[in-house]
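Everything in the sequence shown is counted per the numbering used here, starting at 64 for the first residue and increasing by one.
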Amino acid sequence: MTSTLAAADPPRPPLRLRPTDAVGLPLAGAAAWALASGGADAVAVVPLAAAALIAPALTRIDLAERRLPNVLTLPLLAAAALAGLARLATGDLSPLVALAGCALLLVMADAGGMGMGDVKLGGGLALATATLGWAVPLAGLGASVVVGGIAGCAALATGRPTLAFGPWLLAGNALAAAAAVVGAL
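Okay, here's the thing in structure tokens:
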């Protein structure tokens, strides 16, 4: 008889941050400054700066291990969900667009196109960018697919059949947020 634990995935090693992950500190500061200078309020600045803070670690881990640790993605998702609730409380329906994007990510994961870490990260990023307006999470998801697709084509050309999607989710949503701050969205 096989136990449930034996059939489950092996335990993951504990999260170990590296010195390069500290790049997230000035990145978060720059993001907060750019957002605040562009007129964003604290409801937008907090989750987006949090995303910038953890972006280097998530990128490194996803590229090396093909996983996005819950210890990093879930706090972002929680902060972004609170920001979304704050927007909904004021009558702003932008978080509903982000939730539709989350549903799309779940469909993609169910189809085998990505893992649940990507869904949690993408959901957190969609809710965080929705604090800047309804078009931003759509643009973020679209940009992520485009830059990820380009990277995927390059990976296939070099003989790698798979691609870590987390870095491209981060890049696409950063591009969309930057476009929103400069008024291009």
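Backbone N, C-alpha and C fix where the C-beta goes; we use that ideal spot for every residue, glycine too.
Assign residue 204 to one of three DSSP states: helix, strand, or coil.
-> As a working mapping, residue 204 is identified with position 141 in the sequence shown. Look at residue 204 here: in three-state DSSP terms it is helix.
Residue 200 vs residue 206 beta-carbon contact at 8 Å = Locating residue 200 in the sequence shown gives position 137, counting from the first residue. Locating residue 206 in the sequence shown gives position 143, counting from the first residue. If you check the CB distance, residue 200 and residue 206 do not come in under 8 Å.
Residue 89 by DSSP, collapsed to three states: which one?
-> Against the sequence shown, residue 89 aligns to sequence position 26. In the structure shown, the three-state DSSP call for residue 89 is helix.
CA-to-CA distance, residue 155 to residue 138, given in whole angstroms | Position 75 of the sequence shown, counted from the start, is the residue given in the question as residue 138. Position 92 of the sequence shown, counted from the start, is the residue given in the question as residue 155. Near 23 Å, if we compare the C-alpha coordinates of residue 155 and residue 138.
Quick one: Cα of residue 173 to Cα of residue 180, how far?
-> By one-based count along the sequence shown, residue 173 stands at place 110. By one-based count along the sequence shown, residue 180 stands at place 117. Put simply, the backbone Cα of residue 173 is about 13 Å away from that of residue 180.
At which residues does the alpha helix (DSSP H) containing residue 231 begin and terminate?
-> As a working note, residue 231 is residue 168 in the sequence shown. Per DSSP, residue 231 belongs to the alpha helix (DSSP H) from 229-244.
Length-filtered (4 minimum) alpha helix (DSSP H) runs lying within the stretch 164-193 | Runs of the alpha helix (DSSP H) inside the stretch 164-193: 179-192.
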